[in-house]
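**Student:** My questions will all concern the structure given below.
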Amino acid sequence: MTSSIAGPALSVGSRVGRYFGLVSMVPSLFLVLWAAALHASHAWRGQPDFQALKDWLETISVRNIAWIVLATLAVGLFLHPLQFAMTRLLEGYWGSSWPARAALRWRIGHHRRREARLVNRRQVLGRRWQAGLDKILARRGIDPADAADHRDELFRSRMGDRFSGLYAAKESLRAALRTFPAAYPARDRIMPTRLGNALRSGEDTAGRQYGIDAILTAPHLVLVAEESHVRYLRDSRQQFDTAVRLCVVSFLAFLMTVATLTTDGWWLFLALAPCALTSIAYRASVASATDYMVAVATVIDLNRFKLYESLHVALPRNTVEERWNNKKLMALLDQQRDSSVRYEHPAAGTPGTGDATPTPPGTP
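As structure tokens, then:
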């Protein structure tokens, strides 16, 4: 009887949608299989017995598979509505209690100090490199203005060998600092986690050059954007949500392993496996968050004129006028009643009614 439920259970996941199948079912399956492995190896009662686990795998029945499918679906359905809360937790929204405020101060201070250390270190290496370069140029009688023309010659020299490692370190720090605008928001907007900083930085910069607030306009843009652009945005969001969900379920598997193997001596080191997966998934979520915010910025770039037309706002003639118009439009979308926006209603049969794609009356 249990095996007959597997088919309907799988069809439920397919009817919920592709998003649920990937974001919810795949991480949930990992958690269920990990719990099943702990149970089959008798880890709940003592030290894990891998022979018992092997015997269970060799004799696994359709009934067992059906129960695994049902458990995976149940866990997926339970965690699905908690996706937003899990993301907010990993971002660094920890509440307003005294312990939360203390943790926020500590983590935000950590990120600010890290940025300051890298900036200071780069300046020190830059000064040391410049001093060494000036010494080489003076010995060879080369004008500092012509240093770029003698770059290869300088690095092939004996003194150039001594400073090549210093130059590599300086350039490595420069590359790290170049990623800071994408990894960190303004100092007064820094979040306590890397994920929170990646998302907030994207929120603050997407559409900023046009005077567009990404948070205010995102729901509107999704409704007017081209279908291919929406699919691109959804795929990026799905990848991000999957990484977040995998991070959470890996951490749950880590807690489960610690709870069952705490008194089993060296067996407790098995908890390092889900712990490592948690770390990898978190790093993947940070990278996915950056890609997702790039997708948001791209959708804004390509569909902002459709947004203006849908709101019956006059199309700007240039970017200066666009930023001026958007200052008032963003205030209106933010429910500010004292904001005034000039409307431009298209006549019947004009491109604005959907007959054709309009062309902006100026350089964007």
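Numbering (UniProt numbering), first residue to last: 1 to 364.
Glycine included, C-beta positions come from ideal geometry on N, C-alpha and C.
Predicted model only: the values in this text are computed from it and were never measured.
1) I'd like to know if the stretch 284–295 and the stretch 237–256 are in contact, where contact means that at least 3 CB-CB pairs between them fall below 8 Å.
2) For residue 313, which beta-bridge partners are listed by DSSP?
3) Assuming residue 61 contacts residue 49 (C-beta within less than 8 Å), just tell me the rounded distance between them.
4) Looking only at its own chain, which residues have a Cβ that is under 6 Å from the Cβ of residue 111, when we skip the five neighbours before and after it?
5) At the level of alpha carbons, what is the spacing between residue 115 and residue 200?
6) How would you label residue 74, buried or exposed, when you count the other beta carbons within 10 angstroms and need 16 or more for buried?
7) Between which two residues does the alpha helix (DSSP H) holding residue 89 run?
8) Please return the same chain residues whose Cβ sits closer than 8 Å to the Cβ of residue 264, not counting the five positions on each side in sequence.
9) Report the CB separation of residue 24 from residue 90 in whole angstroms; it is logged as a contact under 8 Å.
10) Roughly how far, in whole angstroms, is the beta-carbon of residue 214 from the beta-carbon of residue 296, given that I think they are within contact range, below 8 Å?
11) Which value, in whole angstroms, describes the spacing of the CA atoms of residue 329 and residue 336?
12) Along the alpha helix (DSSP H) that carries residue 219, what are the first and last residues, could you check?
13) Secondary structure at residue 191, three-state DSSP: helix, strand or coil?
14) Quick check on the burial criterion: 16 or more other C-beta atoms within 10 angstroms. Buried or exposed for residue 344?
15) Relative to the alpha-carbon of residue 298, which residue among 233, 204, 122, 121 has its alpha-carbon at the smallest distance?
16) For residue 216, which of 279, 326, 65, 340 has the nearest alpha-carbon?
17) Let's test the definition: count the other Cβ atoms within 10 Å of the Cβ of residue 92 and tell me whether it reaches 16, buried, or not, exposed.
18) So is residue 288 buried or exposed if we call it buried at 16+ other beta carbons inside 10 Å?
19) What three-state label does DSSP hand residue 98 in the structure shown?
20) Compute the beta-carbon to beta-carbon distance between residue 375 and residue 258, rounded to the nearest angstrom, for a pair I have assumed lies under 8 Å.
21) Rank 323, 313, 322, 320 by C-alpha distance to the C-alpha of residue 341 and give the top, closest one.
22) From what residue to what residue does the alpha helix (DSSP H) around residue 324 run?
23) With a threshold of 16 other CB atoms inside 10 Å of the CB of residue 85, please say whether the residue is buried or exposed.
24) Three-state secondary structure (DSSP) at residue 300?
25) Can you say whether residue 393 is buried or exposed, counting buried as having 16 or more other CB atoms within 10 angstroms of its CB?
26) CB-CB under 7 Å to residue 127, same chain, minus the five flanking residues each way: which ones, in chain order?
27) Buried or exposed: which applies to residue 98, given that a residue is buried once 16 or more other Cβ atoms fall within 10 Å of its Cβ?
28) For residue 95, does the count of other Cβ atoms within 10 angstroms reach 16, so buried, or fall short, so exposed?
29) Anyone know if the C-beta pair for residue 212 and residue 317 falls short of 8 Å?
30) Is the separation between the beta-carbon of residue 104 and that of residue 192 shorter than 8 Å?
31) Let me confirm a value: residue 34 is counted as buried when at least 16 other C-beta atoms fall within 10 Å, else exposed. Which label applies?
**Tutor:** Here's the rundown:
1) yes
2) Reading the sequence shown from its first residue, position 313 is the one you call residue 313. 343, per the DSSP bridge assignment.
3) For the purposes of this step, residue 61 is taken as the residue at position 61 of the sequence shown. For the purposes of this step, residue 49 is taken as the residue at position 49 of the sequence shown. With 8 Å as the limit, residue 61 and residue 49 do not qualify as a contact, their Cβ atoms being about 20 Å apart.
4) As a working mapping, residue 111 is identified with position 111 in the sequence shown. Within the same chain, residue 111 has close Cβ partners 190.
5) Indexing the sequence shown from 1 puts residue 115 at position 115. Indexing the sequence shown from 1 puts residue 200 at position 200. If I take the Cα positions, the gap works out to 16 Å.
6) Within the sequence shown, the letter at position 74 stands for residue 74. So residue 74 ends up on the exposed side.
7) Indexing the sequence shown from 1 puts residue 89 at position 89. Where residue 89 is concerned, the enclosing alpha helix (DSSP H) stretches over 83–91.
8) The residue you call residue 264 lines up with position 264 of the sequence shown. Closer than 8 Å at the Cβ level, and outside the excluded window around residue 264, lie 43, 46, 47, 48.
9) Looking up residue 24 in the sequence shown gives position 24. Looking up residue 90 in the sequence shown gives position 90. Taking the Cβ atoms as the reference, residue 24 lies roughly 17 Å from residue 90, outside the contact range of under 8 Å.
10) To locate residue 214, count along the sequence shown from 1; it is residue 214. To locate residue 296, count along the sequence shown from 1; it is residue 296. For a cut-off of 8 Å, the C-beta gap from residue 214 to residue 296 is around 6 Å, short enough to register as a contact.
11) For the purposes of this step, residue 329 is taken as residue 329 along the sequence shown, with counting starting at 1. For the purposes of this step, residue 336 is taken as residue 336 along the sequence shown, with counting starting at 1. Cα-Cα distance, rounded: 10 Å.
12) Residue 219 sits at position 219 when you count from the first residue of the sequence shown. Per DSSP, residue 219 belongs to the alpha helix (DSSP H) from 214–224.
13) Counted from its first residue, the sequence shown places residue 191 at position 191. Coil at residue 191, not helix or strand.
14) Stepping through the sequence shown from its first residue, residue 344 is reached at position 344. Residue 344 is exposed by the Cβ-count criterion.
15) Taking the sequence shown and counting its residues from 1, the one referred to as residue 298 is at position 298. Taking only the C-alpha atoms, the option nearest residue 298 is 233.
16) One-based indexing of the sequence shown puts residue 216 at position 216. Comparing Cα-Cα distances from residue 216 to each of 279, 326, 65, 340, the minimum goes to 326.
17) Against the sequence shown, residue 92 aligns to sequence position 92. Buried, by the Cβ-count rule.
18) Here the question's residue 288 lines up with position 288 in the sequence shown. Counting Cβ neighbours within 10 Å, residue 288 comes out buried, since at least 16 surround it.
19) Working through the sequence shown from its first residue, we reach residue 98 at position 98. In this structure, residue 98 counts as helix in the three-state DSSP scheme.
20) Outside the modelled stretch of the chain, which goes from 1 to 364, sits residue 375, for which no answer is possible.
21) Within the sequence shown, the letter at position 341 stands for residue 341. Residue 313 is the option with its Cα nearest to residue 341.
22) Position 324 of the sequence shown, counting from 1, holds the residue named residue 324. Here the alpha helix (DSSP H) through residue 324 covers 319–333.
23) Mapped onto the sequence shown, residue 85 falls at position 85. So residue 85 counts as exposed.
24) Residue numbering aside, residue 300 sits at position 300 when the sequence shown is read from its first letter. The answer is helix: DSSP assigns residue 300 an H, G or I state.
25) An answer regarding residue 393 cannot be provided, because it is not within the stretch 1 to 364 covered by the chain.
26) Along the sequence shown, one-based indexing puts residue 127 at 127. No residues qualify anywhere along the chain.
27) Locating residue 98 in the sequence shown gives position 98, counting from the first residue. With fewer than 16 other Cβ atoms within 10 Å, it is exposed.
28) Position 95 of the sequence shown, counting from 1, holds the residue named residue 95. By the neighbour-count rule (16 or more Cβ atoms within 10 Å), residue 95 is not buried but exposed.
29) Numbered from its first residue, the sequence shown carries residue 212 at position 212. Numbered from its first residue, the sequence shown carries residue 317 at position 317. Going by C-beta atoms, residue 212 is not nearer than 8 Å to residue 317.
30) Along the sequence shown, read from residue 1 onward, the residue named residue 104 stands at position 104. Along the sequence shown, read from residue 1 onward, the residue named residue 192 stands at position 192. Contact flag set, yes.
31) In the sequence shown, counting from the first residue as 1, residue 34 sits at position 34. Counting Cβ neighbours within 10 Å, residue 34 comes out buried, since at least 16 surround it.
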